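Comments concern the structure below.
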Amino acid sequence: MSRGHSKQIPLSLAKQQSDELSEAKRQRRRLISRWILAGPLAFIVSVLIMASMPMWMPMGAGNVNHLAFSVLLFPAIWVAIVMYVLLEENMTRAAVLLVILFFANGIPVVLGVMKMLAAMQAGGAT
Amino acid sequence: MIDLLYCLLGWMVSGLCLLLIARRDPKRFRAHSLPVPTDQRYRGLLFIASLFPGVAIAMTGSVSAVIIWAGGWTVLGWLLALKRPKKESASV
Amino acid sequence: MIELSQARTQRLLAVHGWSGTVLGLFLYVVVLTGTIAVLAHEIGAWSAGGQTLDEPFSVPVDTLIREQVESSNEAWREEIGIFGSVSGNIRIWMHEHATNPESGNTEDYGRLVEINPVSGDVVNDVEGWSGEVFGNNPISALEDFIVELHVNLHLPHPWGLYATGILGFIMLLAAVTGLLIHRHLIREAFLAPRLKGALLTKRDRHVLAGTWSLVFAFVLAFTGAFFSFAISLALPVVAATGFDGDQEAVIETLLGVPVPEDTTAVELANLDEMAATVKGEAYSGVAGYSVSNWGRADARVVVNTYPAEGSMSGKQYSFEGATGHFLGEKALVGTAPSVGGAALALMGPLHFGSFAGLLSKFVWVALGIAMTYVTYTGMQLWVQRRSDEPLWRGFGHWLMIVGIGTPFALTLCAHTFFAALGGGGDAYAWTAWGFVGASAFALLLGVILQKRTVAAENLLIWGLAFLLATLPLTRLLSGGTGWPSAIQNGDLVIVGMDVLMLVSAFFVALWRSSILRKLVTQAGLPIVERSTAT
Chain X
690 MSRGHSKQIP LSLAKQQSDE LSEAKRQRRR LISRWILAGP LAFIVSVLIM ASMPMWMPMG
750 AGNVNHLAFS VLLFPAIWVA IVMYVLLEEN MTRAAVLLVI LFFANGIPVV LGVMKMLAAM
810 QAGGAT
Chain U
566 MIDLLYCLLG WMVSGLCLLL IARRDPKRFR AHSLPVPTDQ RYRGLLFIAS LFPGVAIAMT
626 GSVSAVIIWA GGWTVLGWLL ALKRPKKESA SV
Chain G
26 MIELSQARTQ RLLAVHGWSG TVLGLFLYVV VLTGTIAVLA HEIGAWSAGG QTLDEPFSVP
86 VDTLIREQVE SSNEAWREEI GIFGSVSGNI RIWMHEHATN PESGNTEDYG RLVEINPVSG
146 DVVNDVEGWS GEVFGNNPIS ALEDFIVELH VNLHLPHPWG LYATGILGFI MLLAAVTGLL
206 IHRHLIREAF LAPRLKGALL TKRDRHVLAG TWSLVFAFVL AFTGAFFSFA ISLALPVVAA
266 TGFDGDQEAV IETLLGVPVP EDTTAVELAN LDEMAATVKG EAYSGVAGYS VSNWGRADAR
326 VVVNTYPAEG SMSGKQYSFE GATGHFLGEK ALVGTAPSVG GAALALMGPL HFGSFAGLLS
386 KFVWVALGIA MTYVTYTGMQ LWVQRRSDEP LWRGFGHWLM IVGIGTPFAL TLCAHTFFAA
446 LGGGGDAYAW TAWGFVGASA FALLLGVILQ KRTVAAENLL IWGLAFLLAT LPLTRLLSGG
506 TGWPSAIQNG DLVIVGMDVL MLVSAFFVAL WRSSILRKLV TQAGLPIVER STAT
């Protein structure tokens with residue numbers, strides 16, 4: 690999704706300078722958001738996907754498919770997300786997609802962890 | 566032992582095919598300012614043929630031999646290509 | 026091959042190069058030690074000076090094991106692992122699950138006994154937590170040091186695993202980005218490195234080796250990242266969401282063990298008879314046993330086998346311990362055969378390359394050498410592209426110091442290890458100090474010869490060749506098994522490892538010595554030309 694970088698003909702020198710400045714600023718902002726998305730956020734989202742996978746994936750005959758695939762696919766999911774962010778031109782879209790993935794997987798995980806903490810407290814009480 | 570036999574046979578066939586490709590590979594000779602071999606036929610076919618031992622071994626049902634052969638195939642290709650071409654080798 | 030826009034290609038190239046350079050030195054150390062660690066078992070046998078039996082369970086062992094277990098603390102019959110040692114003996118690990126007061130975690134506590142299966146003599150006998158009794162056999166010091174460097178970079182748990190996991194991920198990312206940024210993957214697959222200028226030579230070398238090793242770089246990086254993260258990150262995470270935080274429960278599910286409890290005392294059935302049953306099923310030898318609740322009605326015995334020829338992993342068979350009743354083949358992972366279980370079981374063989382004896386190990390070593398080469402030449406290329414800048418030239422100097430200094434230090438620590446074995450010193454400490462000392466020497470050399478990279482390089486390379494060539498001598502002088510008796514006992518691995526050291530020394534010398542190169546060329550053997558431009 691390459692967006693047009695064609696600049697309008699400047700009305701004055703000052704305008705042109707400010708355009709260049711804002712263009713440089715925009716490039717910088719894109720670079721920083723790409724770093725954040727491909728770096729920490731991609732890692733967190735892939736951990737969340739791995740964590741939520743055992744909740745919806747069927748166990749299969751050996752009762753392990755849900756565990757096996759979440760653990761196995763983790764490096765692949767991570768690389769896939771990082772590669773997607775690197776190749777995506779539209780940073781807003783990448784951000785929206787990662788945030789959706791973050792919440793879609795994060796909410797069940799938080800609920801699961803809360804359940805675990807409750808179980809541990811109940812276990813500790815007895 | 567049978568794995569070893571499969572792999573050795575497979576590597577021989579694959580190595581021969583890869584060697585034949587290397588000997589008629591245009592980029593290889595052009596890059597070293599040597600006359601480009603005229604005979605460039607069957608290069609695609611030879612490449613597929615170099616993979617054929619893998620299929621043959623797979624048909625015997627030995628998973629381990631297929632994987633060992635595949636590992637060796639990648640190393641063979643690398644080592645064969647690493648050697649610089651000579652003028653006289655530009656023909657088959 | 027795959028057409029990407031210029032902006033995208035540049036982005037991928039930046040990620041490929043920067044991640045490869047910033048973390049490349051560490052990745053190089055991990056890949057190099059991984060290549061050596063393929064032969065960990067052989068290094069162990071070489072250190073041990075021979076093996077009692079190549080397959081320790083090929084002789085009757087039931088009486089020997091029973092005697093040890095039944096004379097030990099009854100609590101340790103909860104879990105008993107029985108497996109082979111590097112010396113070709115039997116190790117029996119009788120233990121219970123208890124809370125370690127030091128760490129506060131549930132750990133294994135018990136007694137580890139090593140017995141010679143032929144004579145029945147007890148070779149070693151220690152009691153303690155699993156962390157104390159394992160990784161304490163002086164004979165395994167060298168093997169353990171190399172494996173620990175590969176797995177953890179000698180960092181404390183779990184940080185070492187995180188570090189190597191990230192390095193595995195970086196390698197995976199490098200393979201994927203490398204595939205996408207190289208536009209002429211097929212057209213240049215047979216392009217021998219051009220000797221027209223240092224930049225082109227380095228580029229061609231890196232690209233050619235990278236092209237051919239792409240598939241297995243992917244496999245090895247993926248499985249490596251899996252192993253690091255599975256233990257350090259995935260297990261706790263998955264346990265938290267799927268098992269209310271109970272990691273023990275996750276492992277039990279993976280192993281598929283639960284048996285209804287019955288504490289009635291019943292004598293355990295004969296292990297050798299179980300082995301005989303298994304041999305008819307597996308077409309390969311017994312690699313070990315694990316027994317739970319020894320001497321009780323609910324006892325279970327799982328017999329592990331080596332991989333039969335043609336398959337990637339060994340098999341497991343389970344028996345009712347009390348009656349010896351054969352329950353059939355047990356899935357390696359999970360309660361029944363499944364796609365996920367099979368995929369998990371493949372990770373080990375694919376990463377370690379140990380599924381078909383020496384044949385697969387040699388191929389894996391070759392793959393490892395290719396990966397090491399790709400990592401190293403990649404960094405060289407990145408530096409060469411920026412050779413106008415003093416900072417990068419400086420990095421190039423230190424790249425060489427680490428690049429050759431690491432194998433130099435690994436070889437020297439093998440020397441100190443053998444010396445310690447012979448002299449009765451602490452083999453673990455001597456191995457570690459040998460490595461640290463040699464690394465310090467290489468770094469010092471780097472500082473002294475800061476402006477003379479070629480001189481430092483020559484010194485290190487000749488030093489490495491010398492250390493490799495004299496390693497068999499050090500081993501012999503430290504009381505190691507000599508060739509005649511090794512051959513007589515059929516311990517060919519000792520001779521093999523010695524020869525491997527000498528051959529490696531020859532190739533390292535060949536790399537530097539123009540006289541040797543001339544001799545080899547005169548003998549009509551092919552040689553890959555060295556670039557004249559540096």
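Protein chains in written order, with our numbering: chain X, 690 to 815; chain U, 566 to 657; chain G, 26 to 559.
Where a beta carbon is used, it is the ideal one built from N, C-alpha and C, also for glycine.
Just so it is clear, the structure is predicted and the values come from calculations on it, not from any experiment.
Between the C-alpha atoms of S735/X and F763/X, what's the straight-line distance to the nearest angstrom? 7 Å
Please report the Cβ distance between S315/G and I512/G, rounded to the nearest whole angstrom; I am assuming they are in contact, meaning their Cβ atoms lie under 8 Å. Actually they are not in contact, since the Cβ atoms of S315/G and I512/G sit about 35 Å apart, beyond 8 Å.
When you compare the CB positions of E173/G and A65/G, do they come within less than 7 Å of one another, or not? no
Within the 7 Å Cβ cut-off, does M337/G reach chain U? yes
By the three-class DSSP mapping on this structure, what secondary structure does L352/G have? strand
Can you find the residues in the same chain that come closer than 7 Å, C-beta to C-beta, to A166/G, ignoring five residues on each side of it along the sequence? F442, A452, Y453 and T456
Residues in its own chain within less than 7 Å of V533/G by CB, not counting five upstream and five downstream? I486, L489, A490 and L493
So which residues of chain U does A217/G contact, with C-beta pairs closer than 9 Å? A587, R593, A596, H597, A646, L647, K648, R649 and P650
Contact check, L583/U vs L645/U under 8 Å by CB: the rounded distance? 5 Å
Does DSSP put Y53/G in a helix, in a strand, or in coil? helix
Do you know how far the Cα of S343/G is from the Cα of K355/G? 6 Å
Grab me the residues of L571/G's own chain with a C-beta within less than 7 Å of its C-beta, minus the 5 sequence neighbours each way, in chain order. Outside the displayed range of chain G (26 to 559) lies residue 571/G, so it cannot be described from this structure.
Coil, strand or helix - W154/G by DSSP: strand
How about the stretch 118 to 138 of chain G and the stretch 395 to 407 of chain G: do they share at least three Cβ pairs that are nearer than 8 Å? no
DSSP three-state call for Y607/U: helix, strand or coil? coil
Run the CB neighbour count on W638/U, radius 10 Å, all protein chains shown included, and call it buried at 16 or more, exposed below. buried
Considering Cα atoms alone, identify which of A333/G, E286/G and V284/G is closest to G305/G. A333/G
Consult DSSP for P650/U and reduce its assignment to one of helix, strand or coil. coil
L139/G by DSSP, collapsed to three states: which one? Note on identity: in this sequence residue 139/G is Glu, with Leu being the wrong assignment. Correct three-state label for E139/G: strand.
So A123/G is in the beta strand (DSSP E); what residue range does that whole segment cover? I115 to T124
Over what stretch of residues does the beta strand (DSSP E) that includes Q475/G continue unbroken? Q475/G -> no beta strand (DSSP E), and no H or E assigned at all.
What residues in the stretch 261 to 274 of chain G bring their beta carbon closer than 9 Å to a beta carbon of chain X? V262, V263, A264, A265, T266, G267, F268, D269, G270 and D271
Distance, T248/G Cα to K804/X Cα: 32 Å
Count the other C-beta atoms from every protein chain shown that fall within 10 angstroms of the C-beta of E482/G, then say buried if there are 16 or more, exposed otherwise. buried
The beta strand (DSSP E) spanning Q341/G covers which residue range? Q341 to E345
What is the C-beta distance between I633/U and D568/U, in whole angstroms, given that I count them as a contact (C-beta under 8 Å)? 7 Å
How many angstroms separate the CA atom of S695/X from the CA atom of I725/X? Low local confidence applies: a pLDDT of 47 at S695/X is under 50, so the model's placement there is unreliable, and no value is given.
Excluding five sequence neighbours on each side, which residues of the same chain lie with their C-beta closer than 6 Å to the C-beta of S72/G? I164 and L167
Partner residues on chain U for F380/G, Cβ-Cβ distance less than 7 Å: S629
From this set, K543/G, F531/G and L517/G, which residue's C-alpha is nearest A70/G's C-alpha? L517/G
Run through chain G and tell me which residues come within less than 7 Å of N754/X, C-beta to C-beta. S363, V364 and G365
Whole angstroms is fine: what's the gap from R219/G's alpha carbon to S253/G's? 38 Å
A259/G and V760/X closer than 7 Å at C-beta: yes
Tell me the DSSP secondary structure of A294/G in three-state form. coil
R325/G: first and last residue of the uninterrupted alpha helix (DSSP H) it sits in: That residue, R325/G, is in no alpha helix (DSSP H); its beta strand (DSSP E) goes R325 to T330.
Can you find a CB in chain G that lies within less than 7 Å of the CB of G676/X? Nothing can be reported for residue 676/X: it is not among the residues displayed for chain X, which extend from 690 to 815.
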